[in-house]
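Numbered per this note's numbering, the sequence shown spans residues 583 to 773.
Reviewing the structure listed below.
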Amino acid sequence: IDFQVGYGSTNADVTEQSIAKSDVSTNNKGGVTFGALLNINLLDILNLTTGLNFTKKNFGVTVDVPYVIPPSGLTDSITNSTALNNSYLNIPVNINIGGMVSDKVGLSFSGGPYFGFLLNPPNEFSGYNTFDLGLNGIITANYLLNAFTSIILGTNMQYGGLNNLITNSDIETAHTFNWTAFTGLRIGFDF
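Following this line, the structure appears as structure tokens:
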């Protein structure tokens, strides 16, 4: 079991509606992550990783809506900015490859889909999907302290919104890219 704690940054890729007259932009923000991932070896053939991961996927969305000032015909715009502080509970289902590169040091990669559940739906932002289907990849290095305990250090990349996170009158699609650095402990037992 890997017990992880870390910090990450989320960048959103948003496409505005083709019929909308507004301009949509985003800015990335940071957030904490922690979780417990279980590494399972099935018959020495297949290594799987699953568990629970709490991830903050925070980003800002700015919508500029232009309008014409009568009778002059000049244009101006109204700017609406929303900071989305999203808390997700992710469940990864990964295939894991790797092993020990020396007596004390190991390196592994796990990747696959994840299922994310939004824990705090934003009330101020319409059309936000509370389920996130995405892909993730985790690179983990571990240093063996004893036969059952290791210190871990790694990075996690997630591409979210395969099922489209936002659809409303201004936004057609929204996807996220989250990058996290983490540390923690690995507790291991052979069954």
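Built from N, CA and C at the ideal position, the CB exists for glycine as well.
Please read all numbers here as calculations on a predicted model, not as lab measurements.
- Here G709 carries a coil assignment [DSSP, helix/strand/coil].
- The closest CA to that of G742, considering only N728, D714, D685, G688, is found on D714.
- In the three-state scheme derived from DSSP, where H, G and I count as helix and E and B as strand, S690 is classed as strand.
- Only exposed fits T597, as fewer than 16 other CB atoms lie within 10 angstroms of its CB.
- From the listed residues S732, L747, K639, V687, the smallest Cα separation to N593 is found for K639.
- For L767, the enclosing beta strand (DSSP E) starts and ends at 753 to 769.
- With 16 or more neighbouring CB atoms inside 10 Å of its own CB, S732 falls in the buried class.
- Taking 8 Å as the upper bound for CB-CB distance, L634 and G617 are in contact here, some 5 Å apart.
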